[in-house]
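*Asks:* This structure is in structure tokens; I'll ask about it shortly.
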Amino acid sequence: MITKNRGSGAAVVIPSEGNWHKGSGGTGEEQTDRQYARNPCQIQQVQVDNAPILVRLEGMVEELAEAQSKPRIEAKFRKPTLNDGQSLWRMARDSQVLDLNSSYSYLLWSRDFSDTSVMATVDGEPAGFITGYMRPGEPDTLMVWQVAVDHEFRGRKLAAEMLDRLATQVRAERVETTITADNEASIRLFAGFASRREAPMEREPLFTAELYPDGHDTEYLYRIGPLT
Ligand SMILES: CC(C)(COP(=O)(O)OP(=O)(O)OC[C@H]1O[C@@H](n2cnc3c(N)ncnc32)[C@H](O)[C@@H]1OP(=O)(O)O)[C@@H](O)C(=O)NCCC(=O)NCCS
1374 MITKNRGSGA
1384 AVVIPSEGNW
1394 HKGSGGTGEE
1404 QTDRQYARNP
1414 CQIQQVQVDN
1424 APILVRLEGM
1434 VEELAEAQSK
1444 PRIEAKFRKP
1454 TLNDGQSLWR
1464 MARDSQVLDL
1474 NSSYSYLLWS
1484 RDFSDTSVMA
1494 TVDGEPAGFI
1504 TGYMRPGEPD
1514 TLMVWQVAVD
1524 HEFRGRKLAA
1534 EMLDRLATQV
1544 RAERVETTIT
1554 ADNEASIRLF
1564 AGFASRREAP
1574 MEREPLFTAE
1584 LYPDGHDTEY
1594 LYRIGPLT
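Here this note's numbering is used: the first residue of the sequence shown is 1374, the next is one more, and so on.
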């Protein structure tokens, strides 16, 4: 999962219950965070590594409250087909957060990775998608590449439902994704999934900033599993 959000803090949302810990030693950048996701909804129990990130999280409370107050929406779910490639590209573009890949790549994905992807439609119109693949060296692990829900349908558990359905559809034993430290909605999406599956969630830096040619923020690897 690649996002365009900028910011240099190393922060992570830790589900509540106080039963999380960080490994000892190191700077926090290199170490693995492991926690059991039980109740990821308590914004006041979000833990951060430094103050600037905390300020930004506080600024998101209103948006979060609005997202949580919306009713669920009637949606249908299916695997994307070749004809959906352009809709995936459009939704990625309109998210204004995701790295927009070439239109060709979304067509390729719709052709070859349809079985490990899902899209949601509302009244027959594309409303969201998840693209993923089973890791070649670890075929029980679903790697989630991109998730997007159109603005008008956000906060109605569409992404959560797509993720639940996709993990079941591919019989994943583990789910992985990468998230930048400032993508609160995405972190909560995966923490919520771990909570529903009563699965542990680990985090560690994967694609660190120096690996990119273009000043991209560090993408943290989230590993969830084993799934129940
Ligand atoms: C991230 C995204 C896919 C979530 O879609 P969504 O359908 O609105 O999410 P859901 O309604 O299923 O909510 C999932 C969780 O995220 C939380 N959430 C949703 N919007 C949020 C926001 N703006 N801020 C903080 N948390 C948010 C929900 O409260 C829920 O957590 P909970 O179970 O603890 O209550 C959507 O915001 C989006 O498309 N963002 C732009 C693209 C992006 O960042 N993708 C992820 C990185 S690849």
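Virtual Cβ for every residue (Gly too), placed ideally from N, Cα, C. These numbers were taken from a predicted model, which means no experiment stands behind them.
Provide the residue span of the alpha helix (DSSP H) that contains tyrosine 1479, from first to last.
*Replies:* 1476 to 1485
*Asks:* If you drop the 5 nearest sequence neighbours on each side, which residues of the same chain put their C-beta closer than 7 Å to that of arginine 1538?
*Replies:* Phe1450, Val1491
*Asks:* Tell whether a beta-carbon distance below 8 Å holds between leucine 1600 and arginine 1547.
*Replies:* The Cβ atoms of leucine 1600 and arginine 1547 lie closer than 8 Å to each other.
*Asks:* Exposed or buried, which one is arginine 1527 when buried takes at least 16 other CB atoms within 10 Å?
*Replies:* buried
*Asks:* Express the C-alpha separation of leucine 1473 and aspartate 1590 in angstroms, rounding to a whole number.
*Replies:* 15 Å
*Asks:* In the DSSP output, what is glycine 1505 paired with across the bridge?
*Replies:* Val1517
*Asks:* Report the rounded CA-to-CA distance for glutamate 1575 versus proline 1444, giving the unit in angstroms.
*Replies:* Straight-line measurement puts the Cα of proline 1444 at about 31 Å from the Cα of glutamate 1575.
*Asks:* Apply the 10 Å Cβ neighbour rule to proline 1413 and answer buried if 16 or more other Cβ atoms are within range, or exposed otherwise.
*Replies:* Here the model assigns proline 1413 a pLDDT of 34, short of 50, so the residue's position is not dependable, and the following value carries that caveat. Proline 1413 comes out buried.
*Asks:* For the alpha helix (DSSP H) containing leucine 1584, name the first residue and the last one.
*Replies:* Per DSSP, leucine 1584 belongs to no alpha helix (DSSP H) and is neither H nor E.
*Asks:* As a quick exercise: from Ser1468, Arg1466, Ile1446, Glu1498, pick the residue whose alpha carbon is nearest that of asparagine 1456.
*Replies:* Glu1498
*Asks:* Please report the distance separating the alpha-carbon of lysine 1530 from that of proline 1586.
*Replies:* Near 35 Å, if we compare the C-alpha coordinates of proline 1586 and lysine 1530.
*Asks:* Ends of the alpha helix (DSSP H) at phenylalanine 1463?
*Replies:* Note on residue identity: the sequence assigns arginine, not phenylalanine, to residue 1463. Counting along the chain, the alpha helix (DSSP H) containing arginine 1463 begins and ends at 1458 to 1468.
*Asks:* What would DSSP say about threonine 1601, mapped onto helix, strand or coil?
*Replies:* coil
*Asks:* Would you mind working out which of Leu1480, Asp1485, Arg1544, Glu1447 sits nearest alanine 1461, comparing C-alpha positions?
*Replies:* The identity of residue 1461 in the sequence shown is leucine, whereas the question assumes alanine. Checked all of Leu1480, Asp1485, Arg1544, Glu1447; the closest Cα to leucine 1461 is Leu1480.
*Asks:* Can you tell me whether leucine 1594 is helix, strand or coil according to DSSP?
*Replies:* strand
*Asks:* Can you tell which of Phe1486, Val1522, Tyr1477, Met1464 has its C-alpha closest to the C-alpha of valine 1543?
*Replies:* Phe1486
*Asks:* My understanding is that tyrosine 1595 touches threonine 1550, with C-beta atoms under 8 Å, so please give their C-beta distance in whole angstroms.
*Replies:* That pair is a contact at about 5 Å.
*Asks:* Does ligand 1 have a heavy atom nearer than 7 Å to the CB of isoleucine 1528?
*Replies:* The residue you asked about is not isoleucine; residue 1528 is glycine in the sequence shown. Correct: glycine 1528 has its Cβ closer than 7 Å to ligand 1.
*Asks:* Per the DSSP calculation, methionine 1535 is bridged to which residue(s)?
*Replies:* Methionine 1535 is not bridged to any residue.
*Asks:* Between serine 1559 and chain D, is any beta-carbon pair separated by less than 8 Å?
*Replies:* Here there is only one protein chain, and chain D is not present.
*Asks:* Would you say the beta carbon of glutamate 1575 comes nearer than 7 Å to a heavy atom of ligand 3?
*Replies:* Among the ligands modelled here, namely ligand 1, ligand 3 does not occur.
*Asks:* For glutamate 1431, I'd like the list of residues in its chain whose CB is within less than 6 Å of its CB, leaving aside the five on either flank, ordered along the chain.
*Replies:* With a pLDDT of 42 at glutamate 1431, under the threshold of 50, the predicted position of this residue should be treated as unreliable, and no value is reported.
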